[in-house]
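Please read the structure below before turning to the comments.
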Amino acid sequence: MLNIFKKILLVTSIGGVALTTATIISNEIDIDNEQPSYIESIKLDSSRYSRVDDLSVVDTELYIDIKSSDELIAENDKLRLYYDEDIISFKIENKDTNYVFATHIDRVSAGTYDSLLSGGLGIEYIQVTKGMNIVENVGITDIALTQEITQVENGIKVSLDLGGFCPTRTCKRNYEFYLEGLITLEQLMGFGYIELNMGFDFIVTLEEDGIRAEIPYESIREEKTDEILLSSLIVFPALGATKLDEIPGYMMIPDGAGALVRYEDNEGRYKSPYRAQFYGINYGLRDNFITVANYTLSMPIFGMVHGVNQNGLLGIVESGDYSSRLFMFQNGANNLDYNLVFPKFDIRKTFRQSFTTDNSSGTQRVVDTSSADIAMLYKVLDNDEANYVGMANKYKEYLKDKGILDSELNSQDIPLHLDYLMADSKNALLGKQTIEMSNTDDVLLMHEYFLLQGLSNFNIGLMGWNDGGYSGNLPSSVDFDGKLGSTRSFKNLIEELQKTSEVSLINSYVYAGEEADSISERGDIAKGIDRLRLQYQCTVCVYEDQSLLYPESTLRLGTKHFEDYMDLNVNVTFEMLGNTLFSYYDSGYYSREDSYSIYQEMMSLYDGKAGYLRPNAYAFEYMSSYYQAPMFNSQLKYFDDLVPVLQIVLMGEVPLFSDYLNFNSYGQEFLLQLIDFNVYPSFVLTMNPSSLLKDTDIEYIYTSEFDLWKDTVVEQYDFINDALKHVIGETLVSREVPVQGIVKNTYSNGVIIYINYTSTDKVYEGITIGAINYALGGDVQ
Amino acid sequence: MKKFMIVLILGLLMSVSFGITLGAESGVRYDTFTISNGRFVPTQTAYMALTNRNEVYGEPLDRPNDIYIDKDNFVYIVSSNIDAKTGKIIKFSLESQDVTVLGEDFLVNPTGVYVDQNGFIYVADRGGGKAYKLDQTGVILQEYTKPDSPLFGNDQFQPKKIVTDNSDNVYILNNGSRGLAQFTQDNEFLGYFGTNSIQPSLRTVLQFIFFTKEQRENLYLLSPAEISNVAIDDRGLIHTVTLGEESTGVKRLNINGENLLGEVYNLPDLEDVYVGPIGNIYTITKSGFIYEYDIEGNLLFAFGGQDESNQIQGLFNVPSAIAVDKDYNLFVLDGSSNELQIFTPTEFADMVHYALFLYQDGLYAESRDPWLEVLKMNDMFDLAHKGLGNAYFSLGDYEAAMEEYYIAMDRDGYSDAFWEVRNDYLIDNVWIVLIFFFVFLIAYVINLKLRYSKYIFAPVKRGVRYLRNKSRILDECLYLFTYLKHPSDATYYIKRENKVGYLSATIILLIYFALYMIFIYSFGFLFNYRVIANINIVEEALKIFLPFVLFVFANYLIGSIREGEGRLKDIYVTTIFSLAPYFLSLPILVILSKGLTYNETFIISLIQFVSIFITVIYFFFMVKETHFYNVKETVASIFLSFCTMVLMLLGAFIVYILLNELFKLIIDLIMEVYYRA
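Chains as they are written, first to last, in the numbering used here: chain Z, 18 to 798; chain A, 43 to 719.
Structure representation (structure tokens):
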């Protein structure tokens with residue numbers, strides 16, 4: 018009783034202090050930061066916002082015709098599928114809109130890309146005898162081949178045998194003579210003819226609302242593996258291609274939250290295409306592939322719209338996604354006039370095996386990167402679905418059908434995510450010194466303060482709860498740091514928090530800090546494909562070594578600690594599990610797919626008991642919370658719009674939390690963006706001032722002190738909750754930008770949220786939306 | 043600066059390796075840094091990259107070279123069309139959709155533009171070899187051409203940049219090594235202004251000494267560092283940026299051409315400079331980094347970077363110019379991608395600017411709230427702590443000011459605040475001091491008569507004697523004081539009678555080390571420039587013990603071939619004893635440093651000087667007495683000992699390198715066998 022009384026006294030006294038500091042700090046310092054009209058206009062037009070759609074109708078002259086060479090191979094209520102065997106290409110006709118998507122470009126004019134874009138497939142191969150050089154983007158129409166077509170249910174199977182191909186014009190000319198028997202094969206090879214001698218089956222079937230294209234891994238045949246190895250397969254490189262700005266619309270790639278590249282004439286300004294590997298960088302296999310994106314393509318999808326709200330396609334990589342790359346050519350890239358978006362599936366990759374410590378001598382080697390079947394699913398979109406919201410919802414539907422998304426959010430108020438940083442460490446005269454940021458009593462006090470303020474739905478993470486603090490000590494066994502409180506007080510704290518909140522302990526099982534528990538260098542620290550340990554040095558850090566662990570070690574530790582978490586009845590927040598996949602060497606080569614299958618075991622063990630930081634799509638099935646939801650995209654110059662594709666996919670299924678709002682330098686505008694994207698707020702808090710974190714490895718947490726932040730947390734939460742509490746568990750039906758800077762989000766329960774990003778009040782559909790503010794409309798209760 | 047680059051590169055690497063856990067999502071493709079205790083630390087995004095444009099209201103930019111924004115928010119961009127060999131001035135408004143093109147008929151390759159208070163446009167046309175003064179409609183009012191004056195020299199006249207000051211002088215940047223060519227309004231050449239000087243380095247001095255006459259003549263072809271760009275502020279002060287200078291790359295020149303800014307944090311490849319609304323200085327480097335300084339040259343924000351792929355918004359390929367409008371929006375031209383990139387300040391930057399605005403206006407008290415708000419956003423923002431310190435100082439809250447200055451590591455501010463605090467303390471407590479003083483005085487005077495102090499000190503002395511008899515080690519350690527009183531006698535006893543053993547001497551050495559550690563830890567903040575967190579005990583131990591051990595051995599070896607009397611043990615002991623004055627002065631320094639301000643720095647310096655001076659004398663006589671040398675022999679012995687120390691280090695280093703190579707060779711052999719398998 019006395020204790021309770023003490024606590025109340027403490028909380029009220031803190032409240033008192035809060036009032037006085039509040040008057041100091043949030044006394045609305047009024048700064049005139051009104052920007053000139055030019056700046057505001059280009060700002061709202063930039064790829065940090067969504068633009069007003071060009072709703073013009075696609076010229077019917079530009080519709081692709083069905084030709085006599087196109088053979089109808091399947092048909093259903095909605096679609097017809099045609100095949101042109103001369104160029105191994107397909108056409109999909111939408112019976113409702115008469116719009117046709119073809120997997121090739123007629124009368125293509127793309128220089129070296131002509132052959133790739135004039136047929137439905139492309140390959141890339143490794144010249145084993147020529148220093149493992151990779152020949153890229155070889156189009157199927159350039160290859161001398163034979164095909165055997167068999168009917169399968171709703172489609173066809175094309176068994177392809179690739180004979181060889183001519184990379185040069187002289188060779189092509191002489192190929193005719195060879196066919197006529199005028200010159201021998203040896204002579205032809207003298208002109209550069211390459212014998213491929215490989216083959217595979219290509220199965221294309223019509224689905225209810227699209228088509229599926231598959232290349233079974235087992236069907237890949239290679240004869241001259243000592244000379245030529247297949248490295249990549251390119252599926253439908255020209256599907257949905259458009260020329261310059263002929264057709265209005267855009268391409269969608271799931272970079273960060275999502276990016277649109279509109280079909281505009283770039284006048285050749287952007288010379289490089291966008292390219293990135295699905296599910297991020299492979300730390301274990303550093304090849305020459307460089308991406309300039311700083312977000313991961315976390316979902317294996319892409320799309321294109323031909324005429325907004327008219328026709329579109331959504332591509333879903335169903336299989337082979339662990340070893341595939343996405344390419345997007347905005348016109349001008351590699352001097353092409355076309356806009357293209359397509360995946361490449363990598364079967365093998367080359368890497369440099371170094372023989373010396375200083376990397377001065379070594380050799381190129383080949384490694385298998387995938388043994389999965391290749392499967393692409395294309396969904397045809399039309400009318401209201403033919404936009405990025407439609408794409409996202411289609412993918413959501415796909416995930417739901419597969420049982421990957423099956424939960425539903427349901428609460429009165431939106432959850433507030435708070436990470437309480439408890440301890441970290443820095444160098445001391447001898448060894449390391451633990452810096453206490455908040456002990457168990459502090460966390461309880463902070464929590465009780467928010468309860469008193471009327472907040473009721475939390476999602477709480479404890480950070481640095483372990484021995485030695487957050488940096489350098491993870492993965493840690495479930496062993497609380499005694500300096501922060503006894504195990505009993507930790508247990509009490511967790512129980513207390515759990516009355517209103519989901520509680521997780523932050524831990525890491527994919528990378529290990531220098532002083533992690535029970536990690537052995539030989540047994541646990543992974544080696545990359547080049548057999549070098551995946552260890553990273555940071556000389557300016559307190560803990561200099563960071564290492565990636567073998568997936569087996571991840572699973573071993575995760576399994577070992579599982580019971581301890583369950584005893585405490587807490588969730589775990591996994592730092593890198595879910596967003597990292599790498600190949601590794603462990604007395605044999607292992608691919609990302611192998612990593613995935615081990616991680617999957619771990620994730621399913623913790624099914625529904627784990628939160629993930631920016632997880633890839635393969636972790637969606639197992640997560641209870643999504644943390645650090647991306648709110649931007651990679652801000653590449655040719656990106657035109659920022660759109661919440663990821664958010665629309667996951668909306669209503671799991672709570673998505675933002676990055677810590679402590680570090681928001683954009684003010685209210687960013688809160689507005691959270692409302693726009695339906696993302697919940699998140700803060701990191703400490704009882705002690707953050708300046709104590711100077712000289713630790715997390716000095717990037719430069720503001721977190723509870724006393725400074727407590728009012729802001731409540732204010733900002735209320736601001737967001739007042740909008741988003743009306744749409745908890747709902748999905749987004751449409752997202753429109755009627756005028757620059759205004760967004761109208763319509764949800765499945767009829768609630769409309771209007772967002773005004775401009776600096777002036779706006780009236781739209783009879784509703785006044787304040788400057789940098791939102792308004793509710795539709796069926797608000 | 044190098045350290046910063048390393049940090050930056052590391053940052054990039056880290057974000058490549060474990061991107062997820064590092065820092066917060068900023069929505070821009072660069073990290074923003076500020077300075078905290080002389081280190082670059084991450085901070086909130088200050089400017090967000092908005093757009094990249096190759097046209098303005100439909101007018102193509104061609105290759106943009108320079109940009110200026112006047113007080114009415116009109117933007118002037120000079121650009122050249124390389125194919126057509128023509129140039130133009132694009133003038134547009136940020137408020138309306140007005141765009142005008144001027145000078146297309148006579149400009150060839152304009153690379154500099156400036157607009158004065160009266161709206162006259164000054165253009166430097168490098169390709170045309172002329173500079174112009176135009177009115178707002180583009181009519182030429184004055185041409186600036188190559189001066190005939192012998193002062194100008196033989197340089198070609200290819201004006202790169204141009205500005206005018208409040209007295210209507212026109213400054214043209216032609217050959218940056220010579221400085222700025224100063225003209226009157228009427229094209230009369232007045233001379234060069236703001237020329238950089240050549241700083242003599244060790245290298246140039248050595249070259250000067252050892253080179254032949256001919257070589258030396260060639261040396262004089264060395265020219266001063268080149269001014270790469272110029273800007274002018276509201277007060278008419280010229281700012282220049284210089285290539286290749288590490289910490290004086292940004293200069294603000296007074297009327298005599300002297301630099302008014304001290305050392306600043308800058309990268310050596312500075313490309314352009316611009317002065318913003320509250321005297322803030324903006325610079326951009328060839329590598330695409332934008333630095334913003336306050337009016338005093340304190341670094342506020344550093345961000346940006348290079349992107350040769352020309353794909354990333356907010357990074358640059360070859361930036362050519364930067365300008366700032368009155369709302370702190372940044373306009374940056376890129377001469378390779380032919381683009382104008384625009385950045386707009388975030389709420390965070392707005393708050394910092396607002397606080398600075400108040401602070402620079404002397405409204406310290408008013409600036410307190412904005413500074414608090416800045417600190418709420420980033421507790422490690424040094425300038426905010428300093429600003430807050432000033433605010434508290436002006437409000438008379440000196441203790442709070444001290445605390446803020448301490449966090450900001452602003453020693454001058456701290457010293458001033460501490461002076462006030464000490465002053466208050468002294469005024470409050472002066473009577474205690476006086477009472478103590480008089481009590482002591484009276485006691486002293488009485489003691490002169492009655493000699494009662496012996497009743498107090500005698501038992502102490504007896505006790506010490508008793509303990510010395512009891513403990514041999516203590517006795518030997520305390521022999522140090524005998525040594526200090528009578529060094530030559532003591533040396534004799536140490537040598538002949540083994541007065542002091544290894545153990546006792548080593549204990550004293552360890553006590554020295556302890557004193558030293560206490561000193562570096564607790565030496566007063568005002569005088570202690572070490573970063574406490576970076577102190578590494580092993581490193582410090584090496585610093586103290588290694589030279590000592592090396593000297594003892596070296597001196598022993600030299601002594602044994604130069605007929606020195608000292609045995610190894612004698613040298614060991616006497617060397618330790620001779621260093622006592624320095625180490626014994628350390629506690630005094632620590633105590634004094636706690637109570638002194640910068641006004642009394644000389645006391646600290648004096649004590650340091652005296653202690654070192656005495657130590658040197660003891661050291662000299664130690665060698666002399668230990669080996670029983672004359673002065674000449676002593677000097678030779680010390681000199682040779684130091685040479686031997688250097689040789690020993692070199693030898694160890696060479697062995698280390700050879701062993702390392704051998705080790706690597708073995709590893710590589712094993713690796714190759716293993717990996718080829």
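Cβ atoms here follow ideal geometry from the backbone N, Cα and C, with glycine treated the same way.
Selection from the options that minimises the alpha carbon distance to residue i
i	options	result
I333/Z	D712/Z, E197/Z and K361/Z	K361/Z
Y307/A	T76/A, T639/A, T85/A and K537/A	T76/A
Y182/Z	Q515/Z, Y192/Z and S642/Z	One detail in the question is off: residue 182/Z reads as Phe in this sequence, not Tyr. For F182/Z, the nearest C-alpha among the options comes from Y192/Z.
E102/Z	G625/Z, L177/Z and Q327/Z	L177/Z
D466/A	Y486/A, I477/A, F116/A and G438/A	G438/A
D197/A	I204/A, K188/A and K203/A	K188/A
G783/Z	T748/Z, P632/Z, A792/Z and L749/Z	A792/Z
R539/Z	Y602/Z, D87/Z and N509/Z	Y602/Z
E92/Z	Y437/Z, Y195/Z and I173/Z	I173/Z
Residue i, buried or exposed, once every other Cβ within 10 Å from all chains shown has been counted against 16
i	result
D399/Z	buried
M583/Z	exposed
H528/A	exposed
K489/A	The sequence shown places Asn at residue 489/A, not Lys. With fewer than 16 other Cβ atoms within 10 Å, it is exposed.
P647/Z	buried
Residue-level contact to chain A via CB, residue i, 7 Å cutoff
i	result
F680/Z	yes
L749/Z	no
Y719/Z	yes
I452/Z	no
P2/Z	Look at the range of chain Z in this structure, 18 to 798, and you will see that residue 2/Z is not part of it.
Y55/Z	yes
L653/Z	yes
V671/Z	no
K60/Z	yes
Under 7 Å by beta carbon: chain A residues contacting residue i
i	result
G684/Z	E389
K742/Z	Ordered by position in chain A, no residue passes the 7 Å Cβ test against K742/Z, which lies about 24 Å from the chain.
P706/Z	D421
Beta-carbon proximity check, residue i vs residue j, cutoff 7 Å
i	j	result
R279/Z	Y267/Z	yes
V141/A	F134/A	yes
I727/A	A365/A	With chain A covering only 43 through 719, there is no way to say anything about residue 727/A.
Within chain A, partners of residue i - CB distance below 8 Å
i	result
Q370/Z	Y717
K417/Z	Within 8 Å Cβ-Cβ: nothing; K417/Z doesn't reach chain A, min ~27 Å.
K288/Z	N352
Beta carbon proximity, residue i to chain Z, threshold 7 Å
i	result
S351/A	yes
N107/A	no
E334/A	no
L375/A	no
Neighbour list for residue i in chain A, Cβ cutoff strictly below 9 Å
i	result
F649/Z	E67, S68, G69 and V70
E716/Z	S78, V83, P84 and M422
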